[in-house]
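*Asks:*
2 protein chains.
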Amino acid sequence: MTRLRGDISISLDGFVAGPNPSLEEPLGEGGDLLHEWALSAESWRESHGLAGGDKNADSEVIKESIVTTGAVVMGRRMFSGGEGAWENDARARGWWGDDPPFHVPVFVLTHHPRETLVMQGGTTFTYVTEGIEAAVDAARSTAGDKDVLVAGGASVVQQCLKAGLLDELQIHIAPVLLGNGTSLFDRLGIEPLALEATRVLASPTVTHLRFRVPGRTA
Amino acid sequence: MTRLRGDISISLDGFVAGPNPSLEEPLGEGGDLLHEWALSAESWRESHGLAGGDKNADSEVIKESIVTTGAVVMGRRMFSGGEGAWENDARARGWWGDDPPFHVPVFVLTHHPRETLVMQGGTTFTYVTEGIEAAVDAARSTAGDKDVLVAGGASVVQQCLKAGLLDELQIHIAPVLLGNGTSLFDRLGIEPLALEATRVLASPTVTHLRFRVPGRTA
């Protein structure tokens, strides 16, 4: 059974990006600090076409996600950045390079219909204009018996939670206070929802918390 | 050297209390879910004059805080609840009962000067009107070689972080999304601040994250 998994890094104060994101600093001020734990991991580097890296527990957590992911859902800003991206030819094919690190079909939530982009290395970008449920359905239909990964940003994770679509949520907490930025959960406005903690793994640079979201397939 | 320690339970979405707190539900809707992990712990029960309880890792975490705490700083709402508390005779002595669970001097941040209250069991409530630094200084002067605990609420923890006063911050993350409420960190507006993760402990009902805040005594 294909599960829908959210998987995202946040600061201790709950931000997925710092304030004032720009082309130079797409994750905002301090936002790079959220992902330092991943950048040195062998499995992250391999997915990005880079050699070397650390073979540690953090790398295993990333690898586990990679090998179980059959399709990805992401927001339009995660695909190509902030304002003006669609009018910018350099970003019309996203900002993930010619060989993006996903290597599976990616479904991009957008208001603008476009032709599917076929990239190198197995990544395709398909644009979905009918909302989060349609994007998840499309992703499920290509994932086989693997999972659908909700990669971000915060708004897409929030939409999945509000719609009761998520089966699992993995949060990587970086030991930093960003002070401001894009809040992962913000104020969801949902009734209190008890999750089931299924795993906690910690390294000096990050704590991985994994939860089953009730009411969905395990 | 007396350290200033913050120690507080939050939801996964970062709230220390749910929405719409009231006399009947002082922690707001769903807020009790943040503290379930503590209520069954032997050390928590003992500090509240109750017998029994679980001798587990969660209980050890609470006990560790109790035995190292020489004085407490808290906000006025934590002392006696929300609006109208000062005009309400029943809450003029706080809402912690005749034998409050602190058993050390407590310094309450308020705008209204009042006489110190001497309670049973070693708790005193002293009112500080000159701001967070004065409250911390007063607490330090009575803590001996033990620590000063910032018990909450969120606003007091935020004031300590903004003023660079905290030495250590321990967060207990309950596996629940509250959806709304009082945010622990909110948007602090500080520059990105890297912390040092010093311990992660997990049980099925809570994850304890402890951090050293840089620039202060270890």
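Protein sequence lines, in the order shown, are assigned to chains A and B.
Numbering follows my numbering, in which position 215 of the first sequence is assigned residue number 229; successive positions increment by one, without gaps.
Numbering follows my numbering, in which position 144 of the second sequence is assigned residue number 158; successive positions increment by one, without gaps.
Every residue gets a Cβ at the ideal spot worked out from N, C-alpha and C, and that includes glycine.
As the structure is a computational prediction, the values presented were derived from the model and not from experiment.
For the segment 116-150 of chain A, which segments carrying the beta strand (DSSP E) assignment without a break, of at least 3 residues, lie completely within its bounds, in sequence order?
*Replies:* Fully enclosed beta strand (DSSP E) runs of 3 or longer: 119-123, 138-142.
*Asks:* If you draw a straight line from the C-alpha of B/V162 to the C-alpha of A/T137, how long is it?
*Replies:* Taking the first residue of the second sequence as position 1, residue 162 of chain B is located at position 148. Taking the first residue of the first sequence as position 1, residue 137 of chain A is located at position 123. About 54 Å.
*Asks:* With C-beta atoms as the reference, is B/V87 less than 8 Å away from B/V170?
*Replies:* Here residue 87 of chain B refers to the residue found at position 73 of the second sequence. Here residue 170 of chain B refers to the residue found at position 156 of the second sequence. Yes, the pair counts as a contact, with Cβ atoms nearer than the cut-off.
*Asks:* Apply the 10 Å Cβ neighbour rule to B/Q134 and answer buried if 16 or more other Cβ atoms are within range, or exposed otherwise.
*Replies:* Translated into the one-based positions of the second sequence, residue 134 of chain B becomes position 120. Exposed is the call here.
*Asks:* Helix, strand or coil, according to DSSP, for B/A31 in the structure here?
*Replies:* The sequence position of residue 31 of chain B within the second sequence is 17, counting from 1. Note: B/A31 maps to strand in three-state DSSP.
*Asks:* In this structure, does DSSP put A/E210 in helix, strand or coil?
*Replies:* Here residue 210 of chain A corresponds to residue number 196 of the first sequence, with the count starting at 1. DSSP places A/E210 in strand when its eight states are reduced to three.
*Asks:* Could you give the C-beta distance for A/L192 and A/G32, rounded to a whole number, given that I count them as a contact under 8 Å?
*Replies:* As a first step, residue 192 of chain A must be located in the first sequence, where it is residue number 178. As a first step, residue 32 of chain A must be located in the first sequence, where it is residue number 18. The Cβ separation is near 5 Å, so the contact holds.
*Asks:* Helix, strand or coil for B/R105? Go by DSSP, reduced to three states.
*Replies:* For the purposes of this step, residue 105 of chain B is taken as residue 91 along the second sequence, with counting starting at 1. In the structure shown, B/R105 sits in a helix (DSSP, three-state: H, G or I).
*Asks:* From which residue to which residue does the beta strand (DSSP E) around A/I22 run?
*Replies:* Here residue 22 of chain A refers to the residue found at position 8 of the first sequence. Segment 18-25, the beta strand (DSSP E) holding A/I22.
*Asks:* Spell out the partners DSSP gives A/Q184 in its beta bridges.
*Replies:* As a working mapping, residue 184 of chain A is identified with position 170 in the first sequence. In DSSP, A/Q184 forms a bridge with A/D21, A/R224.
*Asks:* For my contact list, B/L215 and B/I187 are in at a C-beta cut-off of 8 Å; report their separation, rounded to the angstrom.
*Replies:* By one-based count along the second sequence, residue 215 of chain B stands at place 201. By one-based count along the second sequence, residue 187 of chain B stands at place 173. Not confirmed; about 11 Å, so no contact.
*Asks:* Measure the beta-carbon distance from B/E60 to B/D68 and round it to whole angstroms, keeping in mind my assumption that it falls under 8 Å.
*Replies:* On the second sequence, position 46 is the one that residue 60 of chain B refers to. On the second sequence, position 54 is the one that residue 68 of chain B refers to. Wrong, their Cβ atoms sit about 12 Å apart, outside the cutoff.
*Asks:* Are the CB atoms of A/F139 and A/V118 within a distance shorter than 8 Å?
*Replies:* Position 104 of the first sequence holds residue 118 of chain A. Position 125 of the first sequence holds residue 139 of chain A. No, these two residues do not count as a Cβ contact at 8 Å.
*Asks:* Which residue comes first and which comes last in the beta strand (DSSP E) that contains A/M88?
*Replies:* On the first sequence, residue 88 of chain A is found 74 positions in, with the first residue counted as 1. Per DSSP, A/M88 belongs to the beta strand (DSSP E) from 83-89.
*Asks:* For A/I204 and A/C174, which I take to be in contact (beta-carbon distance under 8 Å), what is that distance rounded to the nearest angstrom?
*Replies:* The residue you call residue 204 of chain A lines up with position 190 of the first sequence. The residue you call residue 174 of chain A lines up with position 160 of the first sequence. With 8 Å as the limit, A/I204 and A/C174 do not qualify as a contact, their Cβ atoms being about 12 Å apart.
*Asks:* Alpha carbon to alpha carbon, what distance is there between B/Q184 and B/I22?
*Replies:* Along the second sequence, one-based indexing puts residue 22 of chain B at 8. Along the second sequence, one-based indexing puts residue 184 of chain B at 170. Spanning the two alpha carbons is a distance of roughly 7 Å.
*Asks:* Please list the residues of the segment 207-218 of chain B that have a C-beta atom closer than 7 Å to any C-beta atom in chain A, keeping them in chain order.
*Replies:* Under the 7 Å Cβ criterion, the segment 207-218 of chain B contributes L207, A208, L209, E210, A211, V214, A216, P218.
*Asks:* Check for me: the alpha helix (DSSP H) holding A/L53 runs from which residue to which?
*Replies:* Locating residue 53 of chain A in the first sequence gives position 39, counting from the first residue. Here the alpha helix (DSSP H) through A/L53 covers 50-53.
*Asks:* Just to confirm, are A/G95 and A/L37 a CB contact at a threshold of 8 Å?
*Replies:* Here residue 95 of chain A refers to the residue found at position 81 of the first sequence. Here residue 37 of chain A refers to the residue found at position 23 of the first sequence. Contact: yes.
*Asks:* Tell me which same chain residues have a C-beta within less than 8 Å of the C-beta of A/S79, skipping the five on either side of it?
*Replies:* In the first sequence, counting from the first residue as 1, residue 79 of chain A sits at position 65. The answer, listed in chain order, is R19, D21, L163, Q184.
*Asks:* According to DSSP, is A/T196 helix, strand or coil?
*Replies:* As a first step, residue 196 of chain A must be located in the first sequence, where it is residue number 182. DSSP places A/T196 in strand when its eight states are reduced to three.
*Asks:* State the Cα-Cα distance for the pair A/A153 and B/G229, rounded to the nearest angstrom.
*Replies:* Position 139 of the first sequence, counting from 1, holds the residue named residue 153 of chain A. Position 215 of the second sequence, counting from 1, holds the residue named residue 229 of chain B. Straight-line Cα distance between these residues: approximately 47 Å.
*Asks:* Assuming the contact rule is C-beta atoms closer than 8 Å, A/P206 and B/E43 should be a hit. Round their C-beta distance to whole Å, please.
*Replies:* Working through the first sequence from its first residue, we reach residue 206 of chain A at position 192. Working through the second sequence from its first residue, we reach residue 43 of chain B at position 29. Yes, they are in contact, since the Cβ atoms of A/P206 and B/E43 sit about 6 Å apart, within 8 Å.
*Asks:* Would you call the CB atoms of A/V220 and A/D72 closer than 8 Å?
*Replies:* As a first step, residue 220 of chain A is located in the first sequence; it is residue number 206 there, counting from the start. As a first step, residue 72 of chain A is located in the first sequence; it is residue number 58 there, counting from the start. For A/V220 and A/D72, yes; Cβs fall inside 8 Å.
*Asks:* B/G203 versus chain A: which residues are under 8 Å apart at the beta carbon?
*Replies:* The residue labelled residue 203 of chain B in the question sits at position 189 within the second sequence. The contacting residues are G193, N194.
*Asks:* Determine the contact status of A/K160 and A/T212, defining contact as a CB-CB distance below 8 Å.
*Replies:* Your numbering for residue 160 of chain A matches position 146 in the first sequence. Your numbering for residue 212 of chain A matches position 198 in the first sequence. Going by C-beta atoms, A/K160 is not nearer than 8 Å to A/T212.
*Asks:* What whole-angstrom Cβ distance do A/A157 and A/T16 have, given they're in contact under 8 Å?
*Replies:* Position 143 of the first sequence, counting from 1, holds the residue named residue 157 of chain A. Position 2 of the first sequence, counting from 1, holds the residue named residue 16 of chain A. With a Cβ gap of about 5 Å, A/A157 and A/T16 count as contacting.
*Asks:* How many Å lie between B/P189 and A/V227 at the Cα?
*Replies:* What you label residue 189 of chain B is simply residue 175 of the second sequence in a count that begins at 1. What you label residue 227 of chain A is simply residue 213 of the first sequence in a count that begins at 1. For B/P189 and A/V227, the distance between alpha carbons rounds to 10 Å.
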